[in-house]
Structures are given as structure tokens and as C-alpha cells.
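Q: Dropping the structure in here first, questions after.
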Amino acid sequence: MRCPRDGQKLESENFCGVIIDSCSYCDGTWLDMGELGRIVGVNKDILGGEPVKPKDLKDRPPGQSLLCPRCGDVKMDPVYYSGKKKVIIDKCLACEGIWLDTEELKFVIRAAYEAGGGAY
Ligand SMILES: [Zn+2]
Ligand SMILES: [Zn+2]
């Protein structure tokens, strides 16, 4: 698979016992369906799921609507990781994989722990 931001090849990496695909160029991470939940120790990848408000998107890197690296021509949608914490990640609604930009994996893990290890 290739990075949806810069087209570099994604490399497999063991993260907390889960094999993830990451880009060594921009430090982004691709997670297949279920992998994020395994990393943070909950049985759901996404907590929350309401549509993202435009004002919450303004701090994100430009060039939105990334294409899913697994599906190829499917655009990913920004979604809130959690209803309480405004962490926004890109999700492919077709394969349910998730793209996390450089710092977002950390934010997501922190949000999950702050939410009490999964209790939404
Ligand atoms: Zn990249
Ligand atoms: Zn996909």
C-alpha cells in the first residue's frame, strides 16, 4: 500500500503487538478495521461518529479527502474518534480502515485512556 498523503510505500511495523502500516516519510499510520480497537484495548475502532463540524476541520493539514490506500479510489471521510474528545481521523467507509496523521495516533490513544479504557 502507498501513503495517501505522499505516495511513499507504507512499511509494516509492530505497534503494541498489532501489525500496522506506517509511512516513514510523513509518519502517518494506516490501520485496518479492528486494529485501532486492539491497540487501545476496546472492541470498537470508533467511539462517537457524528459528522465533523467544519470549524473543527480548520486546524487539520490541507489537502483533505485522502484516498483510501487499500481501496484505491475511495475517498476517506473525516470522523471524530470520540464524541467527547475532538480528535478527528480519516476513515474509509468502504473497508472501515483508518488513516492517522503523525500525531493523531497519540491523540487517539490518549483520548481512549481518558475515556476510561473504552467506556464511551
Ligand atoms: Zn506519508
Ligand atoms: Zn478502504
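Per this note's numbering, residue 992 is the first one in the sequence shown, and the count goes up by one each step. Note that the Cβ used here is the ideal one computed from N, Cα and C, for glycine as well. All figures in this text were calculated on a predicted structure; none of them were measured in a lab.
Could you give the first and the last residue of the continuous alpha helix (DSSP H) run that contains V1070?
A: Residue numbering aside, residue 1070 sits at position 79 when the sequence shown is read from its first letter. Looking at the DSSP string, V1070 is not in any alpha helix (DSSP H); the run it does join, the beta strand (DSSP E), is D1068 to Y1071.
Q: Which one or two residues does DSSP pair with K1000 in a beta bridge?
A: The count along the sequence shown starts at 1 and reaches residue 1000 at position 9. As DSSP reads the structure, K1000 sits in a beta bridge with R993.
Q: Bridge partners of F1006, per DSSP?
A: Taking the sequence shown and counting its residues from 1, the one referred to as residue 1006 is at position 15. Beta-bridge pairing links F1006 to V1009.
Q: Using 9 angstroms as the limit for Cβ to Cβ distance, is E1087 near chain C?
A: As a matter of chain content, chain C is missing from the structure shown, which is built from one protein chain.
Q: Given a cut-off of 9 angstroms on the beta-carbon distance, is the pair V1070 and V1099 in contact?
A: To locate residue 1070, count along the sequence shown from 1; it is residue 79. To locate residue 1099, count along the sequence shown from 1; it is residue 108. Against a cut-off of 9 angstroms, the Cβ pair of V1099 and V1070 comes out as no contact.
Q: Tell me whether the beta-carbon of L1096 lies closer than 9 angstroms to the beta-carbon of I1010.
A: On the sequence shown, residue 1096 is found 105 positions in, with the first residue counted as 1. On the sequence shown, residue 1010 is found 19 positions in, with the first residue counted as 1. Cβ distance not < 9 angstroms, so L1096 and I1010 don't count as in contact.
Q: By a C-beta neighbour count over all protein chains shown, 10 Å radius and 16 as the cutoff for buried, is D1081 buried or exposed?
A: On the sequence shown, residue 1081 is found 90 positions in, with the first residue counted as 1. The Cβ neighbour count for D1081, taken over all protein chains shown within 10 Å, is at least 16; the residue is labelled buried.
Q: CB-CB under 7 angstroms to C1062, same chain, minus the five flanking residues each way: which ones, in chain order?
A: For the purposes of this step, residue 1062 is taken as residue 71 along the sequence shown, with counting starting at 1. These residues qualify, in order along the chain: C1083, A1085 and C1086.
Q: Taking the beta strand (DSSP E) that L1081 belongs to, which residues open and close that run?
A: Numbered from its first residue, the sequence shown carries residue 1081 at position 90. One point to set straight first is that residue 1081 is Asp, not Leu, in the sequence displayed. I1079 to K1082 is the extent of the beta strand (DSSP E) around D1081.
Q: Between C1017 and T1093, which are expected to be in contact by the criterion C-beta below 8 angstroms, what is the C-beta distance as a whole number of angstroms?
A: In the sequence shown, residue 1017 corresponds to position 26, counting from 1. In the sequence shown, residue 1093 corresponds to position 102, counting from 1. Contact flag correct, Cβ pair sits at about 6 angstroms.
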